[in-house]
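Residue numbers (full-length UniProt numbering): 1 to 310.
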């Protein structure tokens with residue numbers, strides 16, 4: 001028997017041993033994924049076709065939940081609020097994160113301290129951020145309007161005027177941009193210094209260097225944050241719910257802050273319409289998939305990957 005033929009079964013045996021060892025090492029993740037992710041997703045797809053109130057057994061109703069969903073005016077309101085908030089918050093967060101990262105990148109001292117200081121608010125529990133929103137943006141006694149009053153500006157009723165509810169939530173979302181700042185800062189540190197040196201020789205100023213070198217070179221990072229922040233914004237829940245719907249709150253303009261996930265949560269856990277809420281969840285999943293696909297198709301031409309043209 002040739003030596004190569006004898007080695008082939010041995011290689012297959014070693015490959016199987018390595019595969020079995022790899023599966024054994026990742027088995028805790030596989031078990032957790034199946035129990036806590038895959039099964040709930042599959043079960044929610046079934047529940048979306050049923051009338052289920054947690055107390056009684058599910059009864060199959062076919063597509064009735066989806067038909068009712070498209071006829072529900074609150075769904076349209078919640079989707080509209082969510083899209084408006086997303087369009088307002090995502091660009092604002094990206095611009096602020098980029099500005100702070102550029103400041104940190106140009107700092108020569110205490111960079112580590114400021115990086116930590118910017119990131120720490122990200123550790124604040126979302127419920128606390130919701131309560132903080134009510135204290136900072138209170139129309140009568142809030143710190144934001146108090147600060148504006150110093151300059152003779154009469155601040156708006158952030159929490160009671162429907163026109164200002166979402167801008168207030170957008171401003172409050174800037175409290176947690178620290179993670180994006182750290183990610184962008186890491187990307188900035190990877191931009192070759194030679195490009196800036198060549199631009200300086202050509203007489204390019206800071207603004208031109210930023211637009212022509214910095215932004216294109218870190219565009220994959222900005223694109224990643226754009227997608228992730230959009231998905232997070234479309235799933236906004238805790239801060240708005242705590243501020244405007246928590247503890248039986250009926251004082252504020254709740255409809256202006258009625259985001260899609262809040263409506264989903266209320267249908268599931270306040271009204272016990274679990275089947276209807278599951279249908280809402282699947283529609284949100286499809287909406288996020290569609291929005292992400294559109295973002296990828298539209299913006300990928302503006303993303304520069306080193307080594308190839310985009």
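Glycine included, every Cβ here is placed at the ideal spot set by N, Cα and C.
Between the alpha carbons of residue 63 and residue 45 lies a distance of about 11 Å.
Residue 193 counts as exposed, since fewer than 16 other C-beta atoms from the protein chains shown sit within 10 angstroms of its C-beta. Sixteen is the threshold: since fewer than 16 other Cβ atoms of the shown chains lie within 10 Å of the Cβ of residue 270, the residue is exposed. For residue 209, the uninterrupted alpha helix (DSSP H) run begins and ends at 206-209, by DSSP. The C-alpha of residue 33 lies about 30 Å from the C-alpha of residue 120. With respect to the C-alpha of residue 132, the residue from 110, 158, 274 having the closest C-alpha is 158. Inter-residue distance for residue 135 and residue 128 is about 11 Å (C-alpha atoms, whole angstroms). With respect to the 8 Å criterion, residue 260 and residue 102 are not classified as neighbours on the basis of their beta carbons. Here residue 230 carries a helix assignment [DSSP, helix/strand/coil]. Cα atoms of residue 288 and residue 234: separation of roughly 7 Å, rounded to the nearest angstrom. Beyond the five residues adjoining it in sequence on each side, residue 239 comes within less than 6 Å, by CB distance, of 126, 129, 130 in the same chain, given in chain order. Note on geometry: alpha-carbon atoms of residue 162 and residue 198 lie some 51 Å from one another. The beta carbon of residue 148 is closer than 6 Å to those of 155 in its chain, skipping five residues each way along the sequence. Excluding five sequence positions before and after residue 83, none of the CB atoms of its chain fall closer than 7 Å to its own CB.
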